[in-house]
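And the structure:
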């Protein structure tokens with residue numbers, strides 16, 4: 003960002019980004035998902051345990067927007083995404099810092115999975131650990147670490163969170 | 003609204019309406035529920051499947067504020083509402099448009115049901131698909147489609163969501 | 003507060019306090035928890051049933067910041083807190099009043115518990131019934147009644163919520 007923004011100005015922007023991000027995923031508009039990221043970006047799904055110990059992410063790792071597109075294409079081919087739907091509830095972001103145009107933020111989330119037969123379960127909870135920056139006039143994710151509270155991962159967790 | 007409001011101005015207003023709406027339901031102040039709607043209004047509970055296929059709502063349909071009052075009276079007589087309580091968690095609204103004083107918004111929700119013996123379960127998740135307008139100086143619901151993610155409806159789902 | 007603040011000014015401040023509060027607990031930074039309270043404070047965990055009937059709180063009662071610190075020390079000694087983690091999702095606060103520098107607010111919450119083996123369950127839902135005031139230039143809790151919807155309390159509920 004050209005001019006530094008205060009935390010109170012940034013918070014509604016980050017909240018809005020998160021709301022739009024969750025809506026794209028829950029609407030099954032997977033193809034819109036990479037657009038929330040900067041061209042050079044890092045997207046990782048990991049567990050709180052792995053994150054705390056500094057271990058590499060076991061679940062999903064994408065380095066650059068191209069890999070996000072690849073992931074979407076793979077999911078569409080595998081067709082695994084169709085069998086159930088998801089509902090994200092995203093909490094209020096905490097703005098942790100804002101340096102050199104890079105905003106650090108942390109936001110809690112909860113995802114419910116809805117099976118085709120109507121059953122619902124708690125699929126994941128955790129926090130987004132983000133670095134955001136302005137790109138082409140919009141706030142985009144430079145880094146999103148999806149730190150899941152549980153380390154019991156469903157094989158289907160290879161969907162974007 | 004006499005003067006068009008921007009999305010960033012509208013969002014906190016819609017968020018506040020949703021918070022008050024959820025609080026009225028969770029406090030069992032059902033009689034306050036119709037006041038969130040405009041005189042001429044549409045209230046529908048449906049499933050994502052039905053909504054996507056354009057099928058009519060199977061669960062609840064109210065056309066006009068009078069029918070909302072009727073529904074509350076019926077629930078009070080049937081006394082079904084007393085057996086359990088509910089807790090709504092409502093996400094951040096996405097403001098989708100604002101034309102001719104009509105605001106279109108979409109907001110995710112999650113409802114937990116608490117049985118009399120203390121057990122809790124995920125009762126419903128979904129999104130509010132809303133049309134809002136100013137009436138008598140306050141933002142009110144002209145249309146609220148409650149689109150539930152699951153189509154497995156409990157018979158008790160005839161309660162307002 | 004020296005000058006009265008409007009509800010729309012207060013709401014983001016109370017929301018921020020709640021987000022930071024939840025984050026401290028979920029990060030297991032229990033030692034930071036008392037700092038959200040005023041020196042003279044009341045912290046109570048109770049059930050909706052007890053609260054409605056005016057019965058005393060059965061679960062946790064702390065009168066003054068010293069008792070909050072004692073509670074944290076006891077939890078660390080008992081080491082019970084380590085066995086599982088928690089994730090709070092906090093809704094939008096309703097500002098109910100603002101008199102003589104005391105703000106009354108109510109905020110819904112949901113807590114998920116994550117066991118060491120990865121299982122997740124709905125641990126608690128309810129509402130924070132708060133009185134807040136300015137102390138040393140920051141908004142702090144004078145009173146926080148944690149009114150849980152369910153009265154089926156786990157013995158481990160003696161953790162801060």
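Chains as they are written, first to last, in the working numbering: chain A, 3 to 163; chain B, 3 to 163; chain C, 3 to 163.
The C-beta atom is built at its ideal place from N, Cα and C for all residues, glycine as well.
Only a predicted model underlies this, so the values are computations on that prediction, with no experimental measurement involved.
{"query": "Interface flag, residue 48 of chain B vs chain A, CB-CB below 9 Å", "result": "no"}
{"query": "Entirely enclosed beta strand (DSSP E) segments - the segment 22-90 of chain A, minimum 3 residues", "result": "39-49, 62-65"}
{"query": "Of the residues C:69, C:76, C:109, the one placed nearest residue 40 of chain C, counting alpha carbons only", "result": "C:69"}
{"query": "Reference residue 13 of chain C; option with closest CA among C:42, C:105, C:118, C:148", "result": "C:105"}
{"query": "Other residues of its chain near residue 142 of chain C: CB distance less than 7 Å, five sequence neighbours each side excluded", "result": "38, 39, 40, 134, 135"}
{"query": "Cβ shell of residue 71 of chain C (< 7 Å), same chain only, five flanking positions each side left out", "result": "36"}
{"query": "Residue 110 of chain A, DSSP secondary structure in three states", "result": "strand"}
{"query": "N-terminal and C-terminal residue of the beta strand (DSSP E) that residue 120 of chain C is part of", "result": "Where residue 120 of chain C is concerned, there is no enclosing beta strand (DSSP E), given that its DSSP letter is neither H nor E."}
{"query": "Contacting residues, own chain, Cβ-Cβ under 7 Å from residue 107 of chain C (five flanking each side not counted)", "result": "16, 95, 96, 97, 98, 132, 134"}
{"query": "Inter-residue spacing [alpha-carbon to alpha-carbon] between residue 149 of chain B and residue 101 of chain B", "result": "23 Å"}
{"query": "Three-state class that DSSP yields for residue 163 of chain A in the structure shown", "result": "coil"}
{"query": "Proximity below 9 Å, CB of residue 116 of chain A to CB of residue 89 of chain A", "result": "yes"}
{"query": "Check: residue 137 of chain C C-beta below 8 Å from any heavy atom of the ligand PLP", "result": "In the structure shown, the ligand PLP is absent, as is every other ligand, since no ligand is present at all."}
{"query": "Contact check, residue 92 of chain C vs residue 151 of chain A, beta carbons under 9 Å", "result": "no"}
{"query": "Any C-beta of chain C under 9 Å from that of residue 87 of chain A", "result": "no"}
{"query": "Span separating the alpha-carbon of residue 163 of chain C from that of residue 110 of chain B", "result": "24 Å"}
{"query": "From C:59, C:140, C:27, C:153, residue whose alpha carbon lies closest to that of residue 121 of chain B", "result": "C:153"}
{"query": "Local conformation of residue 15 of chain A per DSSP, three classes", "result": "helix"}
{"query": "Contact set between the segment 119-134 of chain C and chain A, restricted to residues whose Cβ is under 9 Å from the partner", "result": "119, 120, 121, 122, 123, 124"}
{"query": "Residue-level contact to chain A via CB, residue 151 of chain B, 9 Å cutoff", "result": "yes"}
{"query": "Partners in chain A for residue 90 of chain C, counting only beta-carbon separations shorter than 9 Å", "result": "93, 110"}
{"query": "Proximity of residue 27 of chain A and residue 112 of chain B at Cβ, strictly below 9 Å", "result": "no"}
{"query": "Cut-off 6 Å between Cβ atoms - residues of its own chain near residue 127 of chain B, not counting five sequence neighbours on either side", "result": "112, 151"}
{"query": "Selected residue, minimal CA-CA separation from residue 87 of chain A, among A:18, A:43, A:31", "result": "A:31"}
{"query": "Cross-chain neighbours of residue 17 of chain C in chain A, by beta carbon under 7 Å", "result": "94"}
{"query": "Pick from A:48, A:42, A:53, A:66 that is closest to residue 60 of chain A, judged by C-alpha positions", "result": "A:48"}
{"query": "Beta-carbon proximity list for residue 21 of chain A, same chain, < 7 Å, skipping 5 on both sides", "result": "92"}
{"query": "Beta-carbon spacing of residue 51 of chain B, residue 57 of chain B below 9 Å", "result": "yes"}
{"query": "Proximal chain B residues relative to residue 146 of chain C, where beta-carbon distance stays under 9 Å", "result": "Within chain B, no residue comes near residue 146 of chain C; the closest Cβ sits about 17 Å away, beyond 9 Å."}
{"query": "9 Å Cβ cutoff, residue 105 of chain A in contact with chain B", "result": "no"}
{"query": "Neighbour-count burial assignment, residue 18 of chain B, 16 or more Cβ in a 10 Å radius", "result": "buried"}
{"query": "Burial state of residue 118 of chain A, where buried means 16 or more other Cβ atoms lie within 10 Å", "result": "exposed"}
{"query": "Residue 124 of chain C - partner residues in DSSP beta bridges", "result": "C:114"}
{"query": "Buried versus exposed, by CB contacts within 10 Å (16 or more), residue 227 of chain C", "result": "Any property of residue 227 of chain C remains undetermined from this structure, which presents chain C solely from 3 to 163."}
{"query": "Cutoff 9 Å: residue 116 of chain C Cβ touching any chain A Cβ", "result": "yes"}
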